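Below: one structure, written as structure tokens.
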Amino acid sequence: MSLSSSSPVSYPVSYHGWRIALLTVSADVVTYFGDLLRARGHELVALVLPAGQGGPRPQDEQGWSVMHQLVRAAPPGTDVLIASQPAHLASLLAAVRPDFVLSFFFPWRIPPEAFSVPPLGT
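For the sequence shown, counting from 1, position 44 maps to 44 in UniProt numbering; every step adds exactly one.
So, in structure tokens, the structure goes:
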């Protein structure tokens with residue numbers, strides 16, 4: 001299947017089997033999209049989390065609890081990546097080679113260079 005000629009993408013695009021990276025801080029979003037993407041034949045290859053106020057490691061019990069919920073919500077085989085700062089998003093995404101990136105409830109402004117990593121967009 002290919003996109004119409006009015007689309008900015010000018011090559012055939014498969015709508016099945018995309019590698020997806022998800023940027024979020026919500027375990028509910030991870031669960032919902034993990035199930036939805038799998039049901040549609042896509043693979044959640046990475047869950048990208050932002051570092052908390054104290055850095056990439058939670059500083060208190062509540063922070064560890066949230067981190068634990070996010071990791072448990074990730075489907076088996078999904079890489080869980082923690083970005084220590086927004087400038088590292090592009091290199092983290094490049095490492096997992098997603099076709100497409102979804103971002104829901106992600107607290108950082110995503111740098112332009114991170115948008116250019118997935119060939120099908122963000």
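The C-beta atom is built at its ideal place from N, Cα and C for all residues, glycine as well. This structure is a prediction, so every number in the text was calculated from the model and none was measured.
Selected residue, minimal CA-CA separation from Ala46, among Pro119, Phe105, Arg109, Ile82: Ile82
Bridge partner(s) assigned by DSSP for Asp79: Ala46
Could you give the residue range of the beta strand (DSSP E) that holds Val101? 100 to 103
Could you tell me whether the stretch 20 to 28 touches the stretch 100 to 115, using the rule of 3 or more Cβ pairs below 8 Å? yes
Could you pull out every residue in the same chain whose Cβ sits closer than 8 Å to the Cβ of Pro118, ignoring the five residues on either side in sequence? Ala21, Leu93, Pro98, Asp99, Phe100, Val101
Does the beta-carbon distance from Ala90 to Val30 come in below 7 Å? Taking a C-beta distance under 7 Å as the contact criterion, Ala90 and Val30 do not qualify as a contact pair.
Name, in chain order, the residues that DSSP records as bridge partners for Ala114. Answer is none; Ala114 lacks a bridge partner.
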